[in-house]
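Novice: Numbering (the UniProt record's numbering), first residue to last: 1 to 285.
The structure's right below; bear with me while I get my questions together.
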């Protein structure tokens, strides 16, 4: 298994990261995860743009150029023979003590991992269940808008979900409304209108979330971004989640209560179908 580490393709066992790296000590870094289909990373430019924007928000002194990362992505996917799987880029600020001016920390670390991992299609057919977790999102924190290496809120939320025997944990904001889940953005469908919590509700502006909203706009379909209560979610006609690994997938129950029929709804199935066309390389979608 190969990785791409600081500009070089190498065997994974040969790579090393200092214990003094700020990514290890402080979670000072960020990452992006791509879905790979037919050997090609999906929505590649959108992911690389978000990586750059996140690095700027976190005041990184340097950010790898997109073309350099694209070359690394191609080399790694070929070396690991990934046709259907995922790729992750991780960026840390490198070595430097706490309190040092960030503009002086220019020796960043960047690496990529990629592996074959075909999707389990049963998730699309059966859907997933979720619980509302005890963890509240702070909508005023800038960290909610980046995929930082400090992922502990999601780790804890996912553990609460596992203890409840379900797949996903839903965050509420400090005001009590719905934000997102531990690993996905959330949508509900009511009377044909697609509704998702606004980015002001302490959520990551997901790549697939943006694809859904852009598609709605292009097609002239009804959509809204706004505050969503837990009760409104539970009373929705149907609901679905989105992330870059799975695309859109059904959310069929929350806290043991079925959403709609308790099965993947027609609008959700339509989004899954459209995503599969994108994965198959249908540019018309």
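We treat Cβ as the ideally placed atom computed from N, Cα and C, and that holds for glycine.
Are three or more beta carbon pairs between the segment 69 to 82 and the segment 31 to 44 nearer than 8 Å?
Specialist: Verdict: yes, contact present.
Novice: With respect to the alpha helix (DSSP H) encompassing residue 277, which residues constitute its N-terminal and C-terminal limits?
Specialist: Element bounds for residue 277: 266 to 279.
Novice: Excluding five sequence neighbours on each side, which residues of the same chain lie with their C-beta closer than 7 Å to the C-beta of residue 132?
Specialist: Around residue 132: 170, 172, 230, 254, 255.
Novice: Would you decide whether residue 153 is buried or exposed? Buried here means 16 or more other CB atoms lie within 10 Å of its CB.
Specialist: That one is buried.
Novice: Going along the chain, which residues of its own chain have a beta-carbon closer than 6 Å to the beta-carbon of residue 12, five neighbours each way excluded?
Specialist: For residue 12, where only same-chain residues beyond five positions count, the Cβ hits under 6 Å are 1, 3.
Novice: Once DSSP output is grouped into helix, strand and coil, what is the label at residue 207?
Specialist: It is helical.
Novice: For residue 106, which residues in the same chain have their Cβ closer than 7 Å to its Cβ, ignoring the five residues on either side in sequence?
Specialist: These residues qualify, in order along the chain: 61, 62.
Novice: Is the separation between the beta-carbon of residue 127 and that of residue 264 shorter than 8 Å?
Specialist: Contact flag set, yes.
Novice: Can you say whether residue 116 is buried or exposed, counting buried as having 16 or more other CB atoms within 10 angstroms of its CB?
Specialist: Flag for residue 116 reads exposed.
Novice: Can you give me the start and stop residues for the alpha helix (DSSP H) that residue 71 sits inside?
Specialist: Residues 66 to 80.
Novice: What's the gap between the Cα of residue 111 and the Cα of residue 14?
Specialist: Distance between the alpha carbons of residue 111 and residue 14: 13 Å.
Novice: Taking just the CA atoms, how far does residue 243 sit from residue 217?
Specialist: Each residue's alpha carbon lies about 19 Å from the other.
Novice: If residue 29 sits next to residue 148, beta carbons under 8 Å apart, how far is it from one beta carbon to the other, in whole angstroms?
Specialist: Rounded, the Cβ-Cβ distance is 7 Å, consistent with contact.
Novice: Going by the DSSP bridge assignment, what does residue 222 pair with across the sheet?
Specialist: DSSP lists no partner for residue 222.
Novice: Taking C-beta to C-beta, are residue 222 and residue 192 nearer than 8 Å?
Specialist: The answer is yes: Cβ separation under 8 Å.
Novice: Where does the unbroken alpha helix (DSSP H) through residue 154 begin, and where does it stop?
Specialist: Run containing residue 154: 152 to 163, per the alpha helix (DSSP H) assignment.
Novice: Would you mind sorting residue 175 into buried or exposed? The rule is 16 or more other CB atoms within 10 Å of its CB.
Specialist: That one is exposed.
Novice: Please confirm whether residue 184 and residue 241 have their CB atoms less than 8 Å apart.
Specialist: Yes, the Cβ-Cβ distance between residue 184 and residue 241 is below 8 Å.
Novice: Tell me the DSSP bridge mates of residue 217?
Specialist: Answer is none; residue 217 lacks a bridge partner.
Novice: How is residue 93 classed by DSSP in three states: helix, strand or coil?
Specialist: If DSSP states are grouped into helix, strand and coil, residue 93 belongs with coil.
Novice: Just reading off the alpha helix (DSSP H) that residue 11 is part of, what are its end residues?
Specialist: It is not in any alpha helix (DSSP H) - residue 11 instead sits in the beta strand (DSSP E) that spans 8 to 11.
Novice: Which residues share a DSSP beta bridge with residue 251?
Specialist: The partner list for residue 251 (beta bridge, DSSP) reads 128, 239.
Novice: What are the complete beta strand (DSSP E) segments, minimum 3 residues, inside the segment 9 to 42?
Specialist: For the segment 9 to 42, whole beta strand (DSSP E) runs of length 3 or above, ordered along the chain, are 29 to 37.
Novice: Using 8 Å for Cβ pairs, my map puts residue 32 next to residue 51. What's the rounded Cβ distance?
Specialist: Sure, about 5 Å apart at Cβ, within 8 Å.
Novice: Assuming the contact rule is C-beta atoms closer than 8 Å, residue 195 and residue 188 should be a hit. Round their C-beta distance to whole Å, please.
Specialist: Indeed they touch by this definition, with Cβ atoms about 5 Å apart.
Novice: What is the DSSP secondary structure of residue 112, reduced to helix, strand or coil?
Specialist: In this structure, residue 112 counts as strand in the three-state DSSP scheme.
Novice: Mark residue 68 as exposed unless 16 or more other C-beta atoms lie within 10 angstroms of its C-beta, in which case mark it buried.
Specialist: The residue in question, residue 68, is exposed, as its Cβ has fewer than 16 Cβ neighbours within 10 Å.
Novice: Look at the alpha carbon of residue 145 and the alpha carbon of residue 138, and state the distance between them as a whole number of angstroms.
Specialist: In a straight line, the C-alpha of residue 145 is about 11 Å away from that of residue 138.
Novice: On the criterion of 16 or more Cβ atoms from any shown chain inside 10 Å, does residue 82 qualify as buried, or is it exposed?
Specialist: That one is buried.
Novice: Whose C-alpha, out of 151, 200, 120, is nearest the C-alpha of residue 135?
Specialist: When each option's Cα is compared against that of residue 135, the closest is 151.
Novice: Quick check: residue 178 and residue 233, are their CB atoms within less than 8 Å of each other?
Specialist: Yes, the pair counts as a contact, with Cβ atoms nearer than the cut-off.
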